[in-house]
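Encoded as structure tokens, the structure appears first; notes follow it.
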Amino acid sequence: AAFRIWGTIQYFFPYKQLIDENWTDVLREFIPQFMAADDPLSYAQAVARMVARTKDSHCFVRSPALDDDLGMSPPLVQIRIIEGVPVVVRVISEGNASPIQAGIKVGDVVVSIDGIDVQTRMAKLRNYRAASTQQSQDWLAAQRLLCSSNGAMLSVIVERNDERLEVHLRCAKGNWDHLQKQRSGDVIRTLDNNIGYVDLDRLPAGETDAMFERLRDTKAIIFDMRGYPNGTAWTVAPRLATRTGIVGAIFEKPLGGPECIDAGDAANCLSVQRFGQRISRTTAWRYTGRTIMLVDERTISQAEHTALFFKAANGTTIVGSPTTGANGDVTQFVVPGNIWIGFTGQAVKHADGRQLQRLGVIPDILSYSTIAGIRAGRDEVLEDAVALLEVRRK
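According to the numbering used here, the residues represented by the sequence shown are 20 to 413, in order.
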């Protein structure tokens, strides 16, 4: 298993040069750990720790033993790391149990879970999950922070108004279905001052034309990409493009065949496939108003690709905080014990060749949520985007 992980990353991971340490030294370090693993959990933990050293947020480890240890069933509560601490940003009342009835509120800061300090829990989660950036590491840990076994009741200490309170949350595997999307409310709407708003986390690609018709006369559109899209990069970007033939992103993929490995010098004979991905042509009318995209640590992979396409299409202004920093298709392989592992199979860069992996998309205008803003029910990043449009109008 250790050699298979090493070899796959060595010859087929397009971002190996971005790993902070010598990858062969990592193999040497982990061989004794794999040999010492004497049960399914310790073995899976060794696999996860080694994979985490790739620092690629597309790298996941699927192992029943590890999943049971870390927990795979969440309550109906969304957590984000805000100002360095885990904060409740959304409470959902659908599903198997209502966390609202348990007393938890938006803006609560999580202090401990079942008697375990939250920082201890976060450190454990981070140890077993690869992350391209600090913001990605925070988001990945936040998603699993309150996970436990299916049907478990968590005792959670939260801080609210300088007081510590105990709340109880029911965990259920089916709750993931309610937690996939980041927001509720209208997917398409018109804000004050004739500004359009589109939630790309929930907009189906098939509704792109209807969206543009509805917002045709707006002076600007704010595209909310704080989440994961539904293939809309390829349907929306052509309607924004200022000309045809625009390259939206650069792809690079290592090509390693058996003839290279048989030659005994695989590292030197690997080739790289490189091409520019163009924004598709369209015969539909193009939107010429200003466009802004909102991003943050939840913006990963295809969502980051959407940002690249929109920026290339018409110079869309990016507002928010740096994104995950992991773009390119997820390739999977399996190691002994039927443990599945993912990794980024091809590199994706900005249209001008700039690096995205391990950096994220860096916004033109930095904007962050605050605990005070969340408690007040405000969306400060959206507010900053609207303010930017108003300033430029004046």
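Positions of the beta carbon are idealized from the N, C-alpha and C atoms, including for glycine.
- Taking 4 residues as the shortest admissible run, the region 157 to 211 contains the following complete alpha helix (DSSP H) segments, listed from N- to C-terminal end: 195 to 198.
- The C-beta of residue 235 has fewer than 16 other C-beta atoms within 10 Å across all chains shown, which makes the residue exposed.
- Per DSSP, residue 268 is one residue of the beta strand (DSSP E) stretching across 266 to 274.
- Note on the region 84 to 141: whole beta strand (DSSP E) runs with a minimum of 3 residues are 96 to 101, 104 to 110, 128 to 132, in chain order.
- Of the candidates 95, 174, 50, 200, the residue whose Cα lies closest to the Cα of residue 243 is 200.
- Taking the Cα of residue 102 as reference, the smallest distance to any Cα among 395, 402, 387 is reached at 387.
- Relative to residue 363, the option among 126, 357, 351 whose CA is nearest is 351.
- Residue 364 carries a coil assignment under DSSP once its states are collapsed to helix, strand and coil.
- The C-alpha of residue 215 lies about 17 Å from the C-alpha of residue 334.
- Contact check between the region 401 to 408 and the region 305 to 315: three or more CB pairs, one atom from each, fall below 8 Å, which counts as touching.
- With 16 or more other Cβ atoms inside 10 Å of its own Cβ, residue 33 counts as buried.
- Here residue 258 carries a helix assignment [DSSP, helix/strand/coil].
- The DSSP-derived three-state label of residue 329 is helix.
- For the pair residue 135 and residue 175, the CB atoms are not nearer than the 8 Å cut-off.
- Residue pairing by DSSP puts residue 295 in a beta bridge opposite 269.
- If you compare the alpha carbons of 74, 212, 139 with that of residue 105, the shortest gap goes to 139.
- If you check the CB distance, residue 161 and residue 76 do not come in under 8 Å.
- The region 393 to 401 makes no contact with the region 364 to 377: fewer than 3 CB pairs, one atom from each, lie closer than 8 Å.
- In the DSSP assignment, no residue is bridged to residue 54.
- Residue 190 has its alpha-carbon roughly 21 Å from the corresponding atom of residue 178.
- Cα atoms of residue 265 and residue 302: separation of roughly 15 Å, rounded to the nearest angstrom.
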